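121 is the number that this note's numbering gives to position 121 of the sequence shown; each next residue is one higher, with no gaps. Glycine included, each C-beta is placed from N, C-alpha and C at the ideal position. A quick note: this is a predicted structure, and the numbers were derived from the prediction, not measured.
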Amino acid sequence: ACVCACARACASAMGDEANVTVLVLFALYLLAVLGASLFAYASNRRAIAAAKKDAGPENPDRALALEQHFLGGRSLGRVVTVLTLAGTVYSGYSLIAVPADFGRNGFVGVRWFGNTVSVQFGALALAPRLRRLGLARRYVSPLAFVQDRFRSPPLSAFAVVATVVPALFFLAAQVISLRDTIATAFSGTLNPDLTTLGCCGLIVAYEWFGGMTSVAWTDVLQGAVMTLGTVGGAVLIACTWGGLEGAAQTLARARPQFYAVPSGESQMAMFAYAAGASAFFVNAFCITRVYAAKHYSSVRLAMCVIAAMEFVIKLPGMLLGVQGAARMPAVEPSQIFSAVSLALAQQSAIATILMSALLVAAMAAIMSTADSSLMALTNVAASDVLDRRLSHVPEHAFKLLSLVAMVAAVGLSYLFTDLTLLFVLQNSLLMVGVAPLFALGLYVPTMHAGVVLVSTAAGVCVAVGLTFGLRGDDEMRLLQLAGNMVGLGVLLCVAYVLHALQRRSPLGA
Numbered sequence: 001a002c003v004c005a006c007a008r009a010c011a012s013a014m015g016d017e018a019n020v021t022v023l024v025l026f027a028l029y030l031l032a033v034l035g036a037s038l039f040a041y042a043s044n045r046r047a048i049a050a051a052k053k054d055a056g057p058e059n060p061d062r063a064l065a066l067e068q069h070f071l072g073g074r075s076l077g078r079v080v081t082v083l084t085l086a087g088t089v090y091s092g093y094s095l096i097a098v099p100a101d102f103g104r105n106g107f108v109g110v111r112w113f114g115n116t117v118s119v120q121f122g123a124l125a126l127a128p129r130l131r132r133l134g135l136a137r138r139y140v141s142p143l144a145f146v147q148d149r150f151r152s153p154p155l156s157a158f159a160v161v162a163t164v165v166p167a168l169f170f171l172a173a174q175v176i177s178l179r180d181t182i183a184t185a186f187s188g189t190l191n192p193d194l195t196t197l198g199c200c201g202l203i204v205a206y207e208w209f210g211g212m213t214s215v216a217w218t219d220v221l222q223g224a225v226m227t228l229g230t231v232g233g234a235v236l237i238a239c240t241w242g243g244l245e246g247a248a249q250t251l252a253r254a255r256p257q258f259y260a261v262p263s264g265e266s267q268m269a270m271f272a273y274a275a276g277a278s279a280f281f282v283n284a285f286c287i288t289r290v291y292a293a294k295h296y297s298s299v300r301l302a303m304c305v306i307a308a309m310e311f312v313i314k315l316p317g318m319l320l321g322v323q324g325a326a327r328m329p330a331v332e333p334s335q336i337f338s339a340v341s342l343a344l345a346q347q348s349a350i351a352t353i354l355m356s357a358l359l360v361a362a363m364a365a366i367m368s369t370a371d372s373s374l375m376a377l378t379n380v381a382a383s384d385v386l387d388r389r390l391s392h393v394p395e396h397a398f399k400l401l402s403l404v405a406m407v408a409a410v411g412l413s414y415l416f417t418d419l420t421l422l423f424v425l426q427n428s429l430l431m432v433g434v435a436p437l438f439a440l441g442l443y444v445p446t447m448h449a450g451v452v453l454v455s456t457a458a459g460v461c462v463a464v465g466l467t468f469g470l471r472g473d474d475e476m477r478l479l480q481l482a483g484n485m486v487g488l489g490v491l492l493c494v495a496y497v498l499h500a501l502q503r504r505s506p507l508g509a
C-alpha cells in the first residue's frame with residue numbers, strides 16, 4: 001500500500017523535485033524492506049525444516065518455533081548484531097528530537113550526549129550475566145530470567161505489565177513520530193494518516209514473514225541509510241550555511257538565553273534524563289538481541305559502535321537544530337528537522353539527493369525501532385502469557401498478537417499526541433518497575449520475590465505519583481523532575497529493610 005501510494009504521488013508531484021526524490025527513495029527503501037522480509041521468511045523455513053529433520057518426527061522441539069521466530073535461531077552474525085542493536089538505540093526519534101531540542105532549549109540539548117553513556121552502564125551491568133544465563137537456560141522471552149529466578153506468579157505478572165506498558169507506549173511514540181514526519185516531508189502529496197497506516201501494515205507483515213531475522217535485516221538497511229543520510233546532511237549544512245560558530249553570532253543577538261548556563265531546574269532535568277537512560281537496556285528489544293546474537297563478542301562490538309555513533313548521529317542533529325533556530329526562527333522546533341532538510345534540498349541536485357536521503361533515513365529509523373518494539377511485545381505476550389497457559393500455541397497466534405499490539409499502538413497514537421507524556425510514562429516504568437527486577441535478581445542472590453514485588457510496587461507508585469501529581473505546581477517542579485530518582489530511592493530503602501527482616505526471620509535465606 002505504501003509503495004503504491006508513493007508511486008501515485010510521484011506522478012502528481014513532478015513539479016517539486018525534492019518531494020519527488022523523497023518519494024522515490026522512500027518507495028525504494030520500502031521495496032528493499034519487503035525483499036529482506038521475503039529472504040528472511042525463506043531462511044526461517046529452511047532452518048526450521050532442518051532442525052525438525054535432525055530431531056526426528058517422533059521428538060519435535062516444542063520451543064523451536066518460538067526460538068526461530070523471536071531469536072532468529074540464535075544465529076545473528078557480527079554485522080547484523082551490531083547494526084540491529086545500533087539501529088534500535090538510535091531511532092528515528094533521535095534524528096528528529098535532537099534538532100528539536102537544540103532548537104527549542106539551546107545549550108540544554110547537550111543532555112542527549114549523556115544518555116548514551118548511561119545506556120552503556122546499563123548494558124555493562126546486565127548484558128554479560130543475562131547472556132550466560134540465556135544460553136545455559138535457553139531463554140527466549142526477555143522476561144524469562146525474572147520467571148526463572150524468582151518463580152513467583154504475582155511477580156511475573158507484575159513484570160509482564162511493567163514491560164508491556166512501556167513497550168506499547170514506545171511503539172505508539174514511533175507511530176506519532178512517523179505520522180508527523182510524513183506530514184511534513186510529503187505535505188500536500190501524501191495523506192499522513194493513510195500512509196502511516198500503510199507503513200504500520202508493512203511492519204506487521206514483515207514481522208509475520210520473517211520474525212527476528214526479518215527485523216534484524218531491515219535494521220541493517222536502516223543503519224546504512226541513517227549513517228549515510230546524517231553524515232551527508234551534516235557536510236551539506238556546513239558547506240551551505242556554515243558551522244556552529246556562524247549560527248552562534250546570529251543567536252547571540254536574537255536569543256541571548258540560547259547559550260546561557262542552564263538554571264538549577266534545567267540541570268536537574270538534564271541529570272534526570274541521563275540517569276533514566278541507564279534503564280534503556282532493560283527494554284525487551286535490547287535483551288532479545290543479547291539472546292539472539294551468535295557470539296557475545298558481537299554484542300560487545302555493538303556497544304563500542306553505539307558509543308562511536310553518538311557523534312555520527314547526534315552531532316549532525318545538533319548542527320541542524322542550531323542552524324535551523326538561527327535561520328528559521330519562525331519554524332516550530334518540532335518541525336526544524338524536516339524544514340531544514342527541505343530547504344537545503346532546493347540548493348542543487350546533489351543537495352536534493354542528500355537531504356532526501358536524510359528524510360528517508362528518519363522514516364526508516366522510526367520504522368526500524370517500531371518493528372523492534374512490536375517484536376518484543378509479541379514475544380512477551382506469546383512466551384510469558386500464552387505459552388505458559390496453553391499446551392500448544394499455534395504459529396498464527398504470533399501473527400494475531402502482533403496485529404493486536406499494532407492496532408493498540410495506533411489507537412494510543414491518537415489518544416496521546418504529546419510525545420513527552422509517553423516518554424515520561426515509559427521512562428518511569430522502565431527505571432523503577434523493570435530495571436530493579438533484573439538488578440536485584442542478578443546481584444542479590446538471597447532476595448525473595450515478595451520483597452522485590454513490594455519494594456518495586458512502592459517505588460513505581462512514588463515515581464508516577466510525583467511525576468504526574470505535581471504537574472503545574474511550580475514550587476514543586478524540582479521534585480517532579482526528580483520523581484523517578486526519588487521513586488528508585490524509595491524502592492531501594494524498602495528493599496533493604498525488608499531484605500534485612502527476611503534474613504533475620506526463621507524462614508529467611
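Can you tell me which of the options puts its alpha carbon nearest to the alpha carbon of residue i?
| i | options | result |
| --- | --- | --- |
| residue 361 | 79, 225, 105 | 225 |
| residue 457 | 399, 433, 378, 505 | 433 |
| residue 164 | 406, 443, 448 | 406 |
| residue 29 | 255, 380, 202 | 202 |
| residue 435 | 261, 277, 35 | 277 |
| residue 345 | 194, 236, 175, 177 | 236 |
| residue 428 | 449, 350, 69, 462 | 462 |
| residue 364 | 398, 215, 107, 442 | 215 |
| residue 213 | 453, 37, 182 | 37 |
| residue 341 | 359, 313, 332 | 359 |
| residue 153 | 459, 448, 482, 486 | 448 |
| residue 166 | 191, 505, 282 | 282 |
| residue 373 | 147, 356, 84 | 84 |
Would you tell me roughly how many angstroms separate the C-alpha atoms of residue i and residue j, rounded to the nearest one?
| i | j | result |
| --- | --- | --- |
| residue 59 | residue 493 | Only weak support exists for where residue 59 lies, its pLDDT of 43 falling under 50; the value from the coordinates is given anyway. Using only the alpha carbons, I get a separation of about 50 angstroms. |
| residue 139 | residue 383 | 10 angstroms |
| residue 127 | residue 287 | 8 angstroms |
| residue 301 | residue 330 | 43 angstroms |
| residue 310 | residue 87 | 12 angstroms |
| residue 234 | residue 99 | 12 angstroms |
| residue 253 | residue 240 | 22 angstroms |
| residue 104 | residue 430 | 27 angstroms |
| residue 130 | residue 247 | 46 angstroms |
| residue 151 | residue 284 | 19 angstroms |
| residue 375 | residue 124 | 24 angstroms |
| residue 27 | residue 21 | 10 angstroms |
| residue 169 | residue 464 | 15 angstroms |
| residue 303 | residue 446 | 31 angstroms |
| residue 185 | residue 218 | 22 angstroms |
| residue 178 | residue 196 | 7 angstroms |
Taking buried to mean at least 16 other C-beta atoms within 10 Å of its own C-beta, is residue i buried or exposed?
| i | result |
| --- | --- |
| residue 289 | buried |
| residue 211 | buried |
| residue 414 | exposed |
| residue 121 | exposed |
| residue 371 | buried |
| residue 199 | buried |
| residue 245 | exposed |
| residue 79 | exposed |
| residue 339 | buried |
| residue 501 | exposed |
| residue 35 | exposed |
| residue 495 | buried |
| residue 411 | exposed |
| residue 193 | exposed |
| residue 4 | Caution applies to residue 4, whose pLDDT of 43 falls short of 50 and renders its modelled position unreliable; the value that the coordinates give is listed next. Exposed, since its Cβ has fewer than 16 Cβ neighbours within 10 Å. |
Closer than 6 angstroms to a non-hydrogen atom of the ligand COA - does that hold for the CB of residue i?
| i | result |
| --- | --- |
| residue 489 | Among the components modelled here there is no ligand, and therefore nothing to report on the ligand COA. |
At which residues does the alpha helix (DSSP H) containing residue i begin and terminate?
| i | result |
| --- | --- |
| residue 499 | 483-504 |
| residue 131 | 112-137 |
| residue 69 | 64-71 |
| residue 273 | 264-276 |
Can you list, in chain order, the residues of its chain whose CB lies under 8 angstroms from that of residue i, leaving out five sequence neighbours each side?
| i | result |
| --- | --- |
| residue 77 | 294, 298 |
| residue 90 | 226, 306, 309, 313, 365 |
| residue 484 | 272, 275, 276, 427, 428, 431, 432, 463, 467 |
| residue 230 | 95, 312, 313, 316, 317, 358, 361 |
| residue 385 | 160 |
Who are the Cβ neighbours of residue i in its own chain at under 6 angstroms, not counting the five residues just before and after it?
| i | result |
| --- | --- |
| residue 221 | 32 |
| residue 208 | 399 |
| residue 116 | 310 |
| residue 498 | 451 |
| residue 112 | 98, 314 |
| residue 441 | 149 |
Leaving aside the five residues before and after residue i along the sequence, list all residues of the same chain whose C-beta is less than 7 angstroms from its C-beta, in chain order.
| i | result |
| --- | --- |
| residue 482 | 268, 272 |
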